[in-house]
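2 protein chains.
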Amino acid sequence: MAEENKKPASELRFDLVSKHWVVIATGRARRPETFAKEKSPAKEKNEADKKNCPFCNIETQLPPVLVYPKETDISKKDDSWSLAVIPNKFPAFIQGDSLRERAEGPYSLMDGIGFHEVVVTKDHYSQMAEFPVIKIREVIDAYQERYLELMNEKMVNYISVFHNHGLEAGATIAHPHSQIIAMPVMDPDIKQSLDGSRLFFEMQGKCVHCAKLEWDREDGRRIIFENEKFVALCPFASRVAFEIRIYPKEHHSYFERIKDNDKDQLAEVFRVALGKIFKGLNNPSYNFFLHTGPCDGKNYDHYHWHFDIMPKTSTWAGFELGTGIEISTIEPEKAAEYLRGI
Amino acid sequence: MAEENKKPASELRFDLVSKHWVVIATGRARRPETFAKEKSPAKEKNEADKKNCPFCNIETQLPPVLVYPKETDISKKDDSWSLAVIPNKFPAFIQGDSLRERAEGPYSLMDGIGFHEVVVTKDHYSQMAEFPVIKIREVIDAYQERYLELMNEKMVNYISVFHNHGLEAGATIAHPHSQIIAMPVMDPDIKQSLDGSRLFFEMQGKCVHCAKLEWDREDGRRIIFENEKFVALCPFASRVAFEIRIYPKEHHSYFERIKDNDKDQLAEVFRVALGKIFKGLNNPSYNFFLHTGPCDGKNYDHYHWHFDIMPKTSTWAGFELGTGIEISTIEPEKAAEYLRGI
Chain A
1 MAEENKKPAS
11 ELRFDLVSKH
21 WVVIATGRAR
31 RPETFAKEKS
41 PAKEKNEADK
51 KNCPFCNIET
61 QLPPVLVYPK
71 ETDISKKDDS
81 WSLAVIPNKF
91 PAFIQGDSLR
101 ERAEGPYSLM
111 DGIGFHEVVV
121 TKDHYSQMAE
131 FPVIKIREVI
141 DAYQERYLEL
151 MNEKMVNYIS
161 VFHNHGLEAG
171 ATIAHPHSQI
181 IAMPVMDPDI
191 KQSLDGSRLF
201 FEMQGKCVHC
211 AKLEWDREDG
221 RRIIFENEKF
231 VALCPFASRV
241 AFEIRIYPKE
251 HHSYFERIKD
261 NDKDQLAEVF
271 RVALGKIFKG
281 LNNPSYNFFL
291 HTGPCDGKNY
301 DHYHWHFDIM
311 PKTSTWAGFE
321 LGTGIEISTI
331 EPEKAAEYLR
341 GI
Chain B
343 MAEENKKPAS
353 ELRFDLVSKH
363 WVVIATGRAR
373 RPETFAKEKS
383 PAKEKNEADK
393 KNCPFCNIET
403 QLPPVLVYPK
413 ETDISKKDDS
423 WSLAVIPNKF
433 PAFIQGDSLR
443 ERAEGPYSLM
453 DGIGFHEVVV
463 TKDHYSQMAE
473 FPVIKIREVI
483 DAYQERYLEL
493 MNEKMVNYIS
503 VFHNHGLEAG
513 ATIAHPHSQI
523 IAMPVMDPDI
533 KQSLDGSRLF
543 FEMQGKCVHC
553 AKLEWDREDG
563 RRIIFENEKF
573 VALCPFASRV
583 AFEIRIYPKE
593 HHSYFERIKD
603 NDKDQLAEVF
613 RVALGKIFKG
623 LNNPSYNFFL
633 HTGPCDGKNY
643 DHYHWHFDIM
653 PKTSTWAGFE
663 LGTGIEISTI
673 EPEKAAEYLR
683 GI
């Protein structure tokens, strides 16, 4: 049993009724009893000091797939690295050649094949909200470079880029890092959003996000900040209080095709948005993630990529879990007004 | 502004792209600055002692819609009450006669019309996992009695019954309580599950949950406990570690039609399931909720009602928020084996 558990394992199981995928990833080899002992498993790790931080001792991690500056050899304790992308030691998706789709009674499942990488910036204490624009730009460069690489891998049809900050937002390691998961399947929720976007495009002849942006910018009440190329706003149907979306103003479907100059502009808007949350909400925990046209070979020219920042201002409880409906406790118009003033 | 905020307000906003509803409920009248001050708004309230507990001072709450024993008048500080259902002071949905559906630019919204009630059991310290079967039975009686009442209200098409235990599971008041929300709309996720159930029924001539239960009980590995009428198991596609579902063994579509004898049996299985989580996972926070055929007047005879218990064994972070896919870190078969042994 112990032997079997040593090897990271990942399974994708399909829920017949809800039509959702779940991942059963047992790489951390936790035995049932450990759930009882670790009341807050995250806490212990998160409070580990810099000395025991896995990312401050990056040479102990799996060999990197990308390092900035590019010539740095972190395995030799070369301390001149600035950013490193390493494979996750406890991956939710695991490299492999075949999905081995199969049935168990009325159920269907397949191997959790894919890639799970961690984007680490060097400083243990400096979080993204405090980065200068040039450091955020470096993170965006890494997202793009890894996306372009992973999208060409066999079995990869969808790539999720996300960042968890703070214990309440699920960051089990305090050292700032983002994650990239490349996987074979797409959840029906994502498909539904993409179908919604496609349908609007077919019926109205334009992108639904462009239509919303046009109205939001005319209306003004939900806009937080904009520069030449990007805009940050609180969405009309915000899922949580102080949710922020960052959109390219022009219609662009695929994040990975972003141009050099646009990356500087995106970094600036990111800096402003995260800085306003940091100051205005007293350094809250938050998650952000990328939504972009998937890399499954189909056409998503109707889609409009964006980043979504969700401060952890509340806990999803029985109602949200049971109904899928989220309750937010502030009007997005007031949230944006407040953040504009920061 | 302050004046306007005094009155609880609730708005249902529709996301054009994802096709999801969100609720913007501002009844608590929190100004943006308060989000910054209260880093853990829940904590403060939760640690309030028994003396300041709103439910221990139940006569200060809104007049109850139901009290057990039935003759008790809690407004007169009659201390013989055992269970009370009161309207939520800070409702997510508010009573009203019209949804006033309307558009704002490309967006659509309507009033958050409905009912939001709280089911309070008397003892401040005794949680459901520690209740005797007869006390759980009383809670089930209250769920059914209120469901039967609310389902006949105009505007009510869907009723969510749920329970949050512990701070990490979003219980902002420590005193044990459940909640009932009756609302006009159903989220697409629920509709998708119902459609999945209907399609299976039409194609296979039987209920998908019955088919799964048959295989699960034959297979045995995910079963935790069963009595004559109900079974508790870890679902094959569990969304979180140690998720438990409680199903009637026979095909029943509507919880609110449950018979007296079956309520005793359900209470017993609830008692065992919550007790095993309490002991086996060291009194974790958890949510549970009811899924049953909706009350919108349509036929849901294909559906099979059940309760879903989700221990808070992890935090949903950027990946789950961004992709809708959940990662669980233990095989449901091993979780069930462990819980069986408790």
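These protein sequences, in sequence, are chains A and B. According to the numbering used here, the residues represented by the first sequence are 1 to 342, in order. According to the numbering used here, the residues represented by the second sequence are 343 to 684, in order. Virtual Cβ for every residue (Gly too), placed ideally from N, Cα, C. None of the values given here were measured: they were computed from a predicted structure.
Given a cut-off of 9 Å on the beta-carbon distance, is the pair residue i and residue j in contact?
i: GLU59/A; j: LYS77/A; result: yes
i: VAL65/A; j: TRP81/A; result: no
i: VAL139/A; j: LEU83/A; result: yes
i: ALA237/A; j: LEU358/B; result: yes
i: HIS302/A; j: ARG198/A; result: yes
i: ILE501/B; j: TRP21/A; result: no
i: ASN689/B; j: VAL611/B; result: The question about residue 689/B has no answer, for chain B in this structure spans 343 to 684.
i: MET310/A; j: PHE278/A; result: no
i: PHE230/A; j: TYR247/A; result: yes
i: LEU681/B; j: LYS605/B; result: no
i: GLY105/A; j: TRP557/B; result: yes
i: VAL133/A; j: ARG271/A; result: yes
i: MET525/B; j: ASN506/B; result: no
i: GLY96/A; j: ILE24/A; result: no
i: ILE684/B; j: ALA583/B; result: no
Residue i CB to nearest chain B CB: under 9 Å?
i: HIS20/A; result: yes
i: ALA171/A; result: yes
i: TYR125/A; result: no
i: TYR68/A; result: no
i: GLN95/A; result: no
i: TYR107/A; result: yes
i: VAL120/A; result: no
i: PHE225/A; result: no
i: GLN192/A; result: yes
i: HIS177/A; result: no
i: LYS212/A; result: yes
i: MET186/A; result: yes
i: ARG13/A; result: yes
What first and last residue would you give for the alpha helix (DSSP H) that runs through residue i?
i: GLU544/B; result: 530 to 546
i: ARG479/B; result: 475 to 492
i: HIS291/A; result: Run containing HIS291/A: none in the alpha helix (DSSP H); it sits in the beta strand (DSSP E), 286 to 291.
i: ARG741/B; result: Lying before the first or after the last residue shown, residue 741/B is absent from chain B, which here runs from 343 to 684.
i: ARG682/B; result: 674 to 682
Buried or exposed: which applies to residue i, given that a residue is buried once 16 or more other Cβ atoms fall within 10 Å of its Cβ?
i: LYS464/B; result: buried
i: GLN607/B; result: buried
i: SER98/A; result: exposed
i: LYS51/A; result: exposed
i: ASN88/A; result: buried
i: GLU346/B; result: The pLDDT assigned to GLU346/B is 42, lower than 50, so where the model puts this residue is not dependable, and the model offers no usable value.
i: SER10/A; result: buried
i: SER360/B; result: buried
i: TYR286/A; result: buried
i: THR665/B; result: buried
i: SER328/A; result: buried
Using a Cβ-Cβ cut-off of 9 Å, state whether residue i counts as contacting chain A.
i: HIS594/B; result: no
i: LEU320/B; result: Nothing can be reported for residue 320/B: it is not among the residues displayed for chain B, which extend from 343 to 684.
i: GLY538/B; result: yes
i: THR444/B; result: The amino acid at residue 444/B is misidentified as Thr; the sequence shows Arg. So, not an interface residue.
i: PHE473/B; result: no
i: TRP557/B; result: yes
i: ALA384/B; result: For ALA384/B, the pLDDT reaches just 43, beneath the cut-off of 50, and the residue's location in the model is therefore unreliable, although a value from the coordinates is still provided. At least one chain A Cβ lies under 9 Å of ALA384/B.
i: THR402/B; result: no
i: ASP516/B; result: Note on residue identity: the sequence assigns Ala, not Asp, to residue 516/B. No - not a single Cβ of chain A is within 9 Å of the one on ALA516/B.
i: ASP483/B; result: no
i: ASN506/B; result: yes
i: ALA579/B; result: yes
Can you tell me where the beta strand (DSSP E) with residue i in it begins and where it stops?
i: ASP111/A; result: 107 to 111
i: ARG599/B; result: Note, ARG599/B: premise wrong, no beta strand (DSSP E); not H, not E.
i: TRP363/B; result: 363 to 367
i: VAL120/A; result: 115 to 121
i: LEU233/A; result: 230 to 233
i: GLU320/A; result: GLU320/A -> not in any beta strand (DSSP E); alpha helix (DSSP H) instead, spanning 318 to 323.
With 9 Å as the threshold, decide whether the Cβ of residue i is near any Cβ in chain E.
i: LEU167/A; result: Included in the structure are the protein chains A and B, with no chain E among them.
ask   = Using a Cβ cut-off of 9 Å, which residues of the stretch 315 to 337 of chain A contact any Cβ in chain B, in chain order?
value = THR315, TRP316, ALA317, GLY318, PHE319, GLU320, LEU321, GLY322, THR323, GLY324, ILE325, GLU326, ILE327, SER328, THR329, ILE330, GLU331, PRO332, LYS334, ALA335, GLU337
request  = Name, going along the chain, the residues of the stretch 410 to 424 of chain B whose beta-carbon falls closer than 8 Å to a beta-carbon of chain A.
outcome  = none
request  = With 8 Å as the limit, tell me which residues of the stretch 276 to 294 of chain A have their beta carbon closer than that to any beta carbon of chain B; keep them in chain order.
outcome  = GLY280, LEU281, ASN282, PRO284, ASN287, PHE288, PHE289, LEU290, HIS291
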